[in-house]
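In short: position in the sequence shown from 1, add 1345, done, that's this note's numbering.
Take a look at the structure set out below.
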Amino acid sequence: MKDLFTPYELQDLKLKNRVVMPPMCQYSVANKDGIATDWHYNHYVSRAVGGTGLIIMEMTDVDPDGRITDYDLGIWSDDHIPALARIVEACHSYGAKVGVQIAHAGRKAEDAPLPVAPSAIPFSAEYKTPRELTTEEVKAMVQKFQAGVERAVQAGFDVIELHGAHGYLIHQFHSPLTNKRTDEYGKDLTRFGREVIQAAKKVMPEGMPLIMRISAQEYVEGGYGLRESVEIGRAYKEAGADIFHVSAGGEGAIAAEGKPGTHAAYQVPLARAFKHELNVPVIAVGRLDEAVLANAVIGNDEADLVAVGRGMLRNPYWTLEAGVQLGKDAGLPKQYELGFPRSRR
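Shown next as structure tokens:
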């Protein structure tokens, strides 16, 4: 029987357990230059010490004006590589594998003088109206993603995640709410995402998996639901996506009618649907902070990996605590042995 501490392998990615730290923006760049700081180093390396199998670094942007804020990480320049590589190397020394989420905020770029998007539709009345990208600019954007992925490979990351969820640029292209284009990128809503995947795979080593994070349901009137998102996922799988990180929401007003529930594991059914409809590995996410619950998601074959967000913000040693609660060997550092009971069973 598989559990949270069963090792996981996909292609060349070999994880010691199935616990994932999902991307969570820190908004902590010091000089608005996109370069990771000591905060980022301590933040991620502490979770590696804490036993996490896979750490996915926060949304890291391919263009200065593609950031949510000017304090987000960037990967539009070779200047970003050394600080990222330092974090990856340190996390590796504690047995964690590390990914990075490559992204562009599109119309949700709050600090951009003039955000860009598939269509000139603002996120809300509080946001700037974006400028619609020309067809040639869309093609150039695909190359920006590719260049960002290439830099991530140079920095030593083990896996790449593309951000196609939560109302950011790739999501904006595949949503009928935000893509009203009449060119090739409007006639086929998955075209931009597919081209980004294909461009990324060209510069990734053979055997390195590509994760696509996707909102499986938009929860707004006129938005897509699970049936449509599975078909979007099917197109992305055919383009080369190897794993789906299944979330939801992010378009329209977050507090709109139909807002996602807040109960534990509310997004697990979405991940399960992707796993079984598309026959692909999936990462489940969304209020999975309780070890017994996270373990059940794996044991019940609802997902292959479990992402623990808020729980890991509260406790960098969440994975070590989960090992105690489940009576499993979580790789407790000898320096911390006196602080952890062997088992609570």
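Glycine is no exception: its CB is placed at the ideal position from the N, C-alpha and C atoms.
Cβ-based neighbour list, residue i, same chain, cut-off 6 Å, excluding 5 preceding and 5 following
i	result
Glu1540	Val1487
Glu1666	none
Residue nearest to residue i in terms of C-alpha spacing, selected from the options
i	options	result
Phe1691	Glu1434, Ile1628, Gln1491, Asn1524	Because the chain spans 1346 through 1690 in this model, residue 1691 falls outside it and cannot be assessed.
Asp1378	Phe1619, Ala1510, Asp1415, Tyr1569	Asp1415
Asp1533	Ile1466, Lys1547, Glu1576	Glu1576
Thr1479	Trp1384, Gly1594, Tyr1564, Tyr1530	Tyr1530
His1508	Val1445, Asp1383, Ala1485	Val1445
Pro1678	Ala1639, Leu1355, Gly1395	Gly1395
Ala1430	Ala1381, Glu1583, Asp1408, Ser1391	Ala1381
Lys1473	Pro1463, Arg1452, Trp1663, Ser1438	Arg1452
The ligand ATP heavy atom lying under 6 Å from the CB of residue i
i	result
Glu1576	Ligands are entirely absent from the displayed structure, and the ligand ATP is therefore not among its contents.
Proximal residues to residue i (C-beta, below 7 Å), its chain only, five neighbours per side dropped
i	result
Ile1599	The predicted model places Ile1599 with a pLDDT of 42, which falls under 50 and marks its position as unreliable; any figure quoted below should be read in that light. Taken in chain order, the list of residues that qualify is empty.
Val1433	Val1443, Ala1500, Gly1501, Phe1502
Glu1602	Only weak support exists for where Glu1602 lies, its pLDDT of 44 falling under 50; the value from the coordinates is given anyway. Contacts found: none.
Arg1579	Leu1623
Inter-residue CB distance, residue i and residue j (contact presumed, cutoff 8 Å)
i	j	result
Asp1348	Gly1644	6 Å
Gln1491	Ala1544	4 Å
Val1494	Ile1556	Going by Cβ atoms, the distance from Val1494 to Ile1556 rounds to 12 Å, so no, they are not a contact pair.
Ala1470	Gly1411	With a Cβ gap of about 22 Å, Ala1470 and Gly1411 do not count as contacting.
Leu1358	Pro1550	Wrong, their Cβ atoms sit about 11 Å apart, outside the cutoff.
Residue i, enclosing beta strand (DSSP E) - first and last residue
i	result
Thr1405	1399-1406
Ile1628	1627-1630
Phe1589	1588-1592
Gly1595	Per DSSP, Gly1595 belongs to no beta strand (DSSP E) and is neither H nor E.
Ala1448	1442-1448
Gly1509	1504-1509
Contact set for residue i: own chain, Cβ-Cβ below 8 Å, skip 5 residues either direction
i	result
Pro1367	Ile1401, His1590, Ile1628, Val1630, Ala1652, Val1653, Gly1654
Asp1674	Phe1350, Gly1668
Glu1482	Val1461
Opening and closing residue of the alpha helix (DSSP H) in which residue i lies
i	result
His1425	Looking at the DSSP string, His1425 is not in any alpha helix (DSSP H), and its letter there is neither H nor E.
Met1486	1480-1499
| query | On the three-pair Cβ rule with 8 Å, is the region 1493-1501 touching the region 1558-1572? | reply | no
| request: Indicate whether the contact test is met: 3 or more Cβ pairs, each with one atom in the region 1618-1625 and one in the region 1570-1589, closer than 8 Å. | output: yes
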